[in-house]
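Reviewing the structure listed below.
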Amino acid sequence: MPPVVQIRDIHKIYESGEVPVHAVRGVSLDIHKGEFVALMGASGSGKSTLMNLLGCLDRPTRGSYLLDGIEIEKLNRNELADLRNQKLGFVFQGFNLLARTTALENVELPMLYGRHRRLGMSEIRERAMHCLEIVGLANRHDHFPNQLSGGQQQRVAIARALVNEPQVLLADEPTGNLDSKTSVEVMGVFQKLNDDGITIVMVTHELDIASYTRRNLILRDGVVVRDEAVQNRLIAHKELARIGQAEAAAKLVSSPAA
Amino acid sequence: MRFSTIFIVALRALRRNAMRSILTALGIIIGVAAVITMVSIGNGAKAQIEAQVATLGQNIITVFPGSFSQGGMRSGFGAALTLTPEDAEAIAAEVEDVDGVSAEITERSQILANGLNWNTTVKGESPDYPYIRNWLVAQGTMFNEQDVKSLAKVAVIGKTVADQLFPNEDPIGQTLRIRNLPFRVVGLLDTKGFDMRGQDQDDVVLIPYTSHMRRVSRRTNINTILIQGSAPDKLDKVKMDVEDLLTQRRRGREPDFTVRTQEEIATMATATSSTMTLLLAAIAGVSLIVGGIGIMNIMLVSVTERTREIGIRLAIGAHGRDVLTQFLIEAILLSSLGGIIGVCLGIAASEIVSQTNGWPVLVSPSSVFIAVGFSAAVGVFFGFYPARKAARLDPIEALRYE
Ligand SMILES: Nc1ncnc2c1ncn2[C@@H]1O[C@H](COP(=O)(O)OP(=O)(O)OP(=O)(O)O)[C@@H](O)[C@H]1O
Ligand SMILES: [Mg+2]
Numbered sequence: 013m014p015p016v017v018q019i020r021d022i023h024k025i026y027e028s029g030e031v032p033v034h035a036v037r038g039v040s041l042d043i044h045k046g047e048f049v050a051l052m053g054a055s056g057s058g059k060s061t062l063m064n065l066l067g068c069l070d071r072p073t074r075g076s077y078l079l080d081g082i083e084i085e086k087l088n089r090n091e092l093a094d095l096r097n098q099k100l101g102f103v104f105q106g107f108n109l110l111a112r113t114t115a116l117e118n119v120e121l122p123m124l125y126g127r128h129r130r131l132g133m134s135e136i137r138e139r140a141m142h143c144l145e146i147v148g149l150a151n152r153h154d155h156f157p158n159q160l161s162g163g164q165q166q167r168v169a170i171a172r173a174l175v176n177e178p179q180v181l182l183a184d185e186p187t188g189n190l191d192s193k194t195s196v197e198v199m200g201v202f203q204k205l206n207d208d209g210i211t212i213v214m215v216t217h218e219l220d221i222a223s224y225t226r227r228n229l230i231l232r233d234g235v236v237v238r239d240e241a242v243q244n245r246l247i248a249h250k251e252l253a254r255i256g257q258a259e260a261a262a263k264l265v266s267s268p269a270a
Numbered sequence: 268m269r270f271s272t273i274f275i276v277a278l279r280a281l282r283r284n285a286m287r288s289i290l291t292a293l294g295i296i297i298g299v300a301a302v303i304t305m306v307s308i309g310n311g312a313k314a315q316i317e318a319q320v321a322t323l324g325q326n327i328i329t330v331f332p333g334s335f336s337q338g339g340m341r342s343g344f345g346a347a348l349t350l351t352p353e354d355a356e357a358i359a360a361e362v363e364d365v366d367g368v369s370a371e372i373t374e375r376s377q378i379l380a381n382g383l384n385w386n387t388t389v390k391g392e393s394p395d396y397p398y399i400r401n402w403l404v405a406q407g408t409m410f411n412e413q414d415v416k417s418l419a420k421v422a423v424i425g426k427t428v429a430d431q432l433f434p435n436e437d438p439i440g441q442t443l444r445i446r447n448l449p450f451r452v453v454g455l456l457d458t459k460g461f462d463m464r465g466q467d468q469d470d471v472v473l474i475p476y477t478s479h480m481r482r483v484s485r486r487t488n489i490n491t492i493l494i495q496g497s498a499p500d501k502l503d504k505v506k507m508d509v510e511d512l513l514t515q516r517r518r519g520r521e522p523d524f525t526v527r528t529q530e531e532i533a534t535m536a537t538a539t540s541s542t543m544t545l546l547l548a549a550i551a552g553v554s555l556i557v558g559g560i561g562i563m564n565i566m567l568v569s570v571t572e573r574t575r576e577i578g579i580r581l582a583i584g585a586h587g588r589d590v591l592t593q594f595l596i597e598a599i600l601l602s603s604l605g606g607i608i609g610v611c612l613g614i615a616a617s618e619i620v621s622q623t624n625g626w627p628v629l630v631s632p633s634s635v636f637i638a639v640g641f642s643a644a645v646g647v648f649f650g651f652y653p654a655r656k657a658a659r660l661d662p663i664e665a666l667r668y669e
C-alpha cells in the first residue's frame, strides 16, 4: 500500500522578514496508514512549519507532497480547503477554538463546510456530540472555551479534528500546556484513535510523551536528523492506572502526617 | 454550506455580540422608522385632501372668472365677475356629454328665523346642484326650473343652518328671512362635512340663482359655473368645448375665465403636501445611507477583530465563498432586522402622531416593503466590501494574526 503522506525534498523559505528564513531545508518522509509519529526538536527547528505543510495550510517553497496519492501542488485554494476538510484533522498549537462559542458548536464547525455541508443541523449536532463523548467531554458540551480548563479545551480541539473522520490527524504540541496526568489522558485518546486505524502525526517537546507513539522523528534546523521506531512504548491506560495508585498511596502516606 | 446553516452561523455571530449588533442596526432602525413615519403622515394628509376633493362630486368641471393667461397670474379670483347666467345656459344647451350645469353665486349674509339669527353662506344655484355635487336632499325636495324662472322665494338649507335656526323642529315648510325677504324652506340637505379649506359645507342656504341675483345680491354676474361631465374620459373634451364656447361668446375679447377639472383642482391641492412628503422621505433616506455606512464600519472592524475566527474556518475547510456569504448574510441580517424593527417603530410612531395630534396618518404597504427592501439592499451594498476582505484572507496568515 502506498504511504498516506509522501514528501520529497521539501523546502520552506519565509520571505516575509528582512532576511529570508529557511525553516525547512529538504525533508523527505513517508508515513504509512496507521502510523503514530512524534515530531521532536528544539524550538525554532521548523516543526510547526513542517506540520503546516503536512496539513496543507501552507505551500512548500520547493519539493513535492503526495497526500493519499494526490499531488498537493496542483490543487487550488478551494480544493486544498476541501482536502483539509475531508482527509485531515488539525489540532493547532494553542487550541484555536472560537471564543464565546460552545464546545459543541466548535466541534460542529468542520461539518458546516466541505463534503458534509448537506447534513441537517440535528445530524451535525449528533455527530459532534459523539466526538465529544470520545474525548470524554459530553457533559461539558454547552460550556464556552473560557469556562474550560486547558486540557478540556485541548480535548475539544481534538474532537473538532476528529469530527470529519480524517485519515490523518495532525497535532501541534497537543500536550504543550497540560500537566503530566492530563497529558497522559490525551495520549490515551490518541492511542485509542490510532488503534482504530487513524494515522497520527504529533509535535512534542517531551521525550516521555513521545514514547507513547510508535515512531520518533527528530528535526534540527529544518532537517530530519533522526528517524527511529519507539522501543519501549508506553500504554496510556496502564500509566494512568499507575499514576492513580501512586496518588492514592501518596494520600495514604500523607494523611496521618497531616 | 447549506443555506439554513449559513443563517444559523450568522445568527450565532450576531448573538455573540448582541449589544454591538443592536447599536449597529440602530442607524437603520432610526432611518427606516423616520421614513415610515414621514411617508405615513404625508400620505395621510394627501388622502384627506383627496377625500375632500371627492366631496365636490364626480366628474366636475368648474369655470372660474378671471384668467391665468395674463402674465401667468390669475387676475384676481372673482375680482371682476364676468360670467353670466347665459354662459351657463349656453353650456347646458350646446356642449355635449354634460349631465348637469349649475350657475353659482355666493354671498355671506345674515339670516333670521324664529327670532334666531345666523350668519351663513347664501348660494344661488340651479336645480341641478345637488345632483352635480352628489349631495342628497334628505328631507323635502330641491327647488325646480319653475322656481328659477319665477324667482321663487324658496330655500334648501344645510344641516348646520337647520340646527341653528330650527332646533328641535322640522325645518320643512318654515320661513327664514334673507335680507328681510321671507323664503320658504322646501328641502334639507344631507350632512356633507368639511371641505378642503376646513369650512363647514353644511353651513349653507341654497336658493334659485335668479332669486339670488334679483332679490338678494342684486348682481348681474355669477361667481362660478359648475358642470358635470357624463364620464371621466369625457372631461378633457368637455373642458375644451366649454373653453371654445365661452371664448366664442366673448367675441374676440381677452378670455376672462378659467376652466378646471376636478382632477386639476385635486392635483393643485395635494401638490404642496406631495412635495413635503418627498422632501421628508429624502431626508429620512439619507439617514438610511448613513446607517448603511455604520454597518460597513462595524463589519470592517468585525472582520479585523475576527481574523483568527476566519483563519480557523478557512483552515478546517471553508471556501472563500463560505466566508463571504457568512459575513454578507450577517450584514444583511443586521440591516433587514433593523429595517423590520424600524418599520414597527415607524408604524407605532405614526399611530402616536395620529392619536396625539389628530393628524390623519396612512401607513402604506408599499412604503413598508420599500423600506425593508432598501435596508436589505443597504446591507448587501455596504456588507460586500468587508465580506470580500474576509474571504480573501490567507488561512495561515489569519491564524497567526494576533
Ligand atoms: N511566518 C513566518 N515568517 C518568518 N519566519 C517564520 C515564520 N514562521 C516561522 N518562522 C521561522 O521559521 C523557523 C521555524 O519556526 P517554527 O514555528 O516551525 O518552529 P518550531 O519548531 O515549531 O518551534 P516551537 O517549538 O517554538 O513551536 C523559526 O526560525 C521561525 O522564526
Ligand atoms: Mg511550533
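Quick note, the sequences are listed as chains Z and H, same order.
Quick note on numbering: the first sequence equals residues 13 to 270 in the working numbering.
Quick note on numbering: the second sequence equals residues 268 to 669 in the working numbering.
All residues carry an ideal CB built from backbone N, CA and C; glycine is no exception.
Exposed or buried, what is LEU281 of chain H when buried is set at 16 or more other beta-carbons lying within 10 Å of its beta-carbon? It counts as buried.
Whole angstroms are fine: how far does the CA of SER554 of chain H sit from the CA of GLY345 of chain H? Legend: pLDDT at GLY345 of chain H = 43, less than 50; position of this residue unreliable, value from coordinates given subsequently. Rounded to whole angstroms, the gap between the alpha carbons of GLY345 of chain H and SER554 of chain H is 46 Å.
Given that TYR125 of chain Z touches chain H, what residues does it touch there, using C-beta distances under 8 Å? Those within 8 Å of TYR125 of chain Z in chain H are MET268, ARG580, ILE583, GLY584, ALA585, HIS586 and ASP589.
Which residue spans inside the segment 520 to 575 of chain H form an unbroken beta strand (DSSP E) run of at least 3? Within the segment 520 to 575 of chain H, the runs of beta strand (DSSP E) at least 3 residues long that lie entirely inside it are, in chain order, 524 to 528.
Assigned exposure category for SER393 of chain H - 16 Cβ within 10 Å defines buried: Per the 10 Å Cβ criterion, buried.
Kindly say whether GLU30 of chain Z, judged by its beta-carbon, lies nearer than 8 Å to any beta-carbon of chain H. For GLU30 of chain Z, the closest Cβ of chain H is not nearer than 8 Å.
The beta strand (DSSP E) that contains PHE331 of chain H, what's its start and end? DSSP places PHE331 of chain H inside the beta strand (DSSP E), whose first and last residues are 327 to 332.
Span separating the alpha-carbon of LEU190 of chain Z from that of CYS68 of chain Z: The alpha-carbon atoms of LEU190 of chain Z and CYS68 of chain Z are separated by roughly 27 Å.
Where does GLN243 of chain Z land, buried or exposed, given buried means 16+ other C-beta within 10 angstroms? GLN243 of chain Z sits exposed, since fewer than 16 C-beta atoms from the chains shown fall within 10 Å of its C-beta.
Compute every distance between the C-beta of ASP207 of chain Z and the non-hydrogen atoms of ligand 2, then say whether any falls below 7 Å. Exclusion of ASP207 of chain Z from the 7 Å shell around ligand 2 follows from its C-beta lying no nearer than that to any non-hydrogen atom of the ligand.
Going by Cα to Cα distance, which pick from H:TRP402, H:ALA370 and H:ARG573 is closest to PRO352 of chain H? The residue from H:TRP402, H:ALA370 and H:ARG573 with its alpha-carbon nearest to that of PRO352 of chain H is H:ALA370.
Leaving out five residues before and five after ILE439 of chain H in sequence, what residues of the same chain have Cβ atoms less than 8 Å from its Cβ? Only GLN406, GLY407, VAL452, VAL453, GLY454 and LEU455 meet the Cβ criterion.
Inspect the CB distances between the segment 473 to 481 of chain H and the segment 426 to 438 of chain H and report whether three or more fall short of 8 Å. By the Cβ criterion, the segment 473 to 481 of chain H is not in contact with the segment 426 to 438 of chain H, since fewer than three pairs of Cβ atoms, one from each stretch, lie closer than 8 Å.
Going by beta-carbon coordinates alone, are LEU182 of chain Z and LEU66 of chain Z separated by less than 8 Å? In contact: LEU182 of chain Z and LEU66 of chain Z (Cβ atoms closer than 8 Å).
When burial is assigned at 16 or more other CB atoms within 10 Å of the CB, is SER195 of chain Z buried or exposed? The residue in question, SER195 of chain Z, is buried, as its Cβ has 16 or more Cβ neighbours within 10 Å.
Check distances from the C-beta atoms of the segment 274 to 308 of chain H to those of chain Z and list, in chain order, the residues that come in under 8 Å. Considering only beta carbons, the part of the segment 274 to 308 of chain H lying closer than 8 Å to chain Z consists of ILE275, VAL276, ARG279 and ARG283, in chain order.
Any beta carbon from chain Z within less than 8 Å of SER540 of chain H's own beta carbon? Not closer than 8 Å to any Cβ of chain Z, the Cβ of SER540 of chain H fails to qualify, so no.
Quick check: the segment 135 to 147 of chain Z against the segment 173 to 187 of chain Z, are at least 3 beta-carbon pairs closer than 8 Å? As far as the Cβ criterion goes, the segment 173 to 187 of chain Z touches the segment 135 to 147 of chain Z, which means the pair count is three or higher.
Inter-residue CB distance, ARG486 of chain H and ILE358 of chain H (contact presumed, cutoff 8 Å): Wrong, their Cβ atoms sit about 19 Å apart, outside the cutoff.
Could you tell me whether any non-hydrogen atom of ligand 1 is closer than 7 Å to the CB of THR574 of chain H? It does not: the Cβ of THR574 of chain H is nowhere closer than 7 Å to a heavy atom of ligand 1.
DSSP has HIS23 of chain Z in a bridge; who is on the other side? Answer by DSSP bridge pairing, in chain order: Z:ARG37 and Z:ARG74.
With ligand 2 as the reference, list in chain order each residue whose Cβ lies under 7 Å from any of its heavy atoms. Output, sorted by chain position: Z:LYS59, Z:SER60, Z:GLN105, Z:ASP184, Z:GLU185 and Z:VAL215.
Taking just the CA atoms, how far does VAL17 of chain Z sit from GLY561 of chain H? Computed Cα separation, rounded: 49 Å.
Just list the beta strand (DSSP E) runs in the segment 381 to 460 of chain H, keeping only unbroken ones of 3 residues or longer that don't cross its boundaries, in chain order. 383 to 392, 404 to 407, 421 to 424, 442 to 445 and 448 to 456, all fully within the segment 381 to 460 of chain H.
Identify whether SER134 of chain Z lies in helix, strand or coil by the three-state DSSP scheme. DSSP places SER134 of chain Z in helix when its eight states are reduced to three.
Test item: CB-CB of GLN466 of chain H and ILE399 of chain H under 8 Å: Contact: no.
Establish whether the CB of MET133 of chain Z and some CB of chain H are separated by less than 8 Å. Residue-level contact by beta carbon holds for MET133 of chain Z and chain H, with a gap shorter than 8 Å.
Would you verify that the beta carbon of PRO14 of chain Z is, or is not, closer than 8 Å to some beta carbon of chain H? Judged by the 8 Å Cβ criterion, PRO14 of chain Z is not in contact with chain H.
On the DSSP letters alone, give me the boundaries of the beta strand (DSSP E) that VAL242 of chain Z sits inside. Where VAL242 of chain Z is concerned, there is no enclosing beta strand (DSSP E), given that its DSSP letter is neither H nor E.
Tell me which residue opens and which closes the alpha helix (DSSP H) that VAL306 of chain H is part of. Element bounds for VAL306 of chain H: 285 to 321.
Apart from the five residues just before and just after LEU567 of chain H, which ones in its own chain have a Cβ nearer than 6 Å to its Cβ? In the same chain as LEU567 of chain H, and ignoring 5 residues on each side of it, the C-beta atoms closer than 6 Å to its own belong to PRO653, in chain order.
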